[in-house]
Amino acid sequence: MPTLALKASRLCKRYGSLRAVDEISFSVHHGEIVGLLGPNGAGKTTTINMVLGILQPSSGSVEIEGIDIARQRSRALAHTNFAAAYAALPGNLTVSQNLRIFGLLYDVASLSERIDELLDEFELRPLRNRRSGLLSSGEQTRLALAKAVLNRPRLLLLDEPTVSLDPSAADLMRVRIRAMASEAGCGILWTSHNMYEVAQTCHRVLFVSHGRILLEGDPKALPHEHGAETLEELFIRLAREPLTERTATS
Numbered sequence: 679m680p681t682l683a684l685k686a687s688r689l690c691k692r693y694g695s696l697r698a699v700d701e702i703s704f705s706v707h708h709g710e711i712v713g714l715l716g717p718n719g720a721g722k723t724t725t726i727n728m729v730l731g732i733l734q735p736s737s738g739s740v741e742i743e744g745i746d747i748a749r750q751r752s753r754a755l756a757h758t759n760f761a762a763a764y765a766a767l768p769g770n771l772t773v774s775q776n777l778r779i780f781g782l783l784y785d786v787a788s789l790s791e792r793i794d795e796l797l798d799e800f801e802l803r804p805l806r807n808r809r810s811g812l813l814s815s816g817e818q819t820r821l822a823l824a825k826a827v828l829n830r831p832r833l834l835l836l837d838e839p840t841v842s843l844d845p846s847a848a849d850l851m852r853v854r855i856r857a858m859a860s861e862a863g864c865g866i867l868w869t870s871h872n873m874y875e876v877a878q879t880c881h882r883v884l885f886v887s888h889g890r891i892l893l894e895g896d897p898k899a900l901p902h903e904h905g906a907e908t909l910e911e912l913f914i915r916l917a918r919e920p921l922t923e924r925t926a927t928s
């Protein structure tokens with residue numbers, strides 16, 4: 679098994695003269711949760727979309743499990759899954775139908791048994807026959823997370839995964855996601871604006887601004903290394919007055 683779940687090398691996305699992502703390089707190991715942090719418009723979602731092959735990079739490369747996504751996209755994405763607050767599942771399908779359709783797309787073995795496991799794990803069994811478009815925002819988030827782990831991915835991309843959950847439900851989701859990393863060896867790339875959540879969940883964080891990585895490190899140690907009391911204080915400082923490349927790498 680390759681050491682890296684994800685490797686991005688000099689990844690760049692240009693729109694005319696605008697560089698939404700400006701030659702960033704990073705990796706995610708198996709069993710590691712990496713936070714991709716930055717203000718709105720920093721390039722986080724663009725980066726995730728390039729990893730998923732939804733956007734084609736202007737330059738650079740992405741490897742999932744050592745597989746170049748530009749050359750073997752289907753093979754690479756068979757090991758991957760994704761959940762985001764803005765990516766709702768088909769609202770006319772029931773909870774069970776959504777899981778079954780995506781399970782067939784991912785060719786999940788013993789699909790009925792796997793769906794039963796997830797209905798219990800994400801407390802969706804009472805909702806199994808309800809159309810997903812009629813679910814509350816928190817219920818839709820739980821369904822999206824169930825879909826995201828359906829194929830037992832080796833790389834999981836999570837874009838604001840707990841944003842619609844109450845604090846208790848969000849904590850349970852974080853516990854499940856941490857277990858995926860520690861027990862199943864899944865590599866996880868996680869974006870969030872909840873700095874408490876990031877500090878409690880992620881092993882490593884990348885601060886992105888204007889498409890470039892400014893800082894990288896342990897979310898618990900990084901604030902003190904740069905004269906901040908908390909990760910949130912450091913985030914605010916970087917969002918308002920981004921560090922120069924020289925300062926960030928010193």
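Residue numbers (this note's numbering): 679 to 928.
Every residue, glycine too, gets a C-beta built ideally from N, C-alpha and C.
Just so it is clear, the structure is predicted and the values come from calculations on it, not from any experiment.
- DSSP, read as helix, strand or coil, puts Asp837 in strand.
- In the DSSP assignment, Tyr784 falls outside any beta strand (DSSP E), carrying neither H nor E.
- Exclusion of the five residues before and after Leu835 leaves Ile726, Phe760 and Leu867 as the residues of its chain whose Cβ lies within less than 6 Å of its Cβ.
- The C-beta of His708 has 16 or more other C-beta atoms within 10 Å across all chains shown, which makes the residue buried.
- Straight-line spacing of the CA atoms in Ser860 and Thr879 works out to 11 Å.
- Around the beta carbon of Asp785, fewer than 16 other beta carbons lie within 10 angstroms, which makes this residue exposed.
- Between the alpha carbons of His757 and Leu684 lies a distance of about 11 Å.
- A distance below 7 Å separates the beta carbons of Met873 and Phe913.
- Residue Val699 holds the alpha-carbon nearest to the alpha-carbon of Ser739 among Asn770, Arg778, Ile711 and Val699.
- Nearest in C-alpha terms to Ser705, of all of Glu894, Gly721, Arg697 and Pro901, is Glu894.
- Per DSSP, Arg697 is one residue of the beta strand (DSSP E) stretching across Leu696 to His707.
- Nearest to Leu733 by C-alpha distance, out of Gly744, Arg751 and Leu892, is Arg751.
- When the alpha-carbon of His881 is set against those of Asp896, His871 and Lys722, the nearest one is in Asp896.
- Boundaries of the alpha helix (DSSP H) harbouring Val853: Pro845 to Ala862, taken from the DSSP string.
- The three-state reading of DSSP puts Leu714 in strand, counting E and B together.
- Going by beta carbons, Gly865 and Glu741 fall outside the 7 Å limit.
- Distance from Leu892 to Leu916 at the Cβ level is roughly 6 Å; contact confirmed, criterion being Cβ atoms closer than 8 Å.
- Straight through space, the alpha carbons of Glu801 and Ile779 are spaced by roughly 19 Å.
- The closest CA to that of Arg808, considering only Ser774, Thr819 and Val712, is found on Ser774.
- Per DSSP, reduced to three states, the secondary structure at Ile747 is coil, with no helix or strand assignment.
- Excluding five sequence positions before and after Glu817, the CB atoms of its chain that fall closer than 7 Å to its own CB belong to Leu805, given in chain order.
- When DSSP states are grouped into helix, strand and coil, Thr908 belongs to the coil group.
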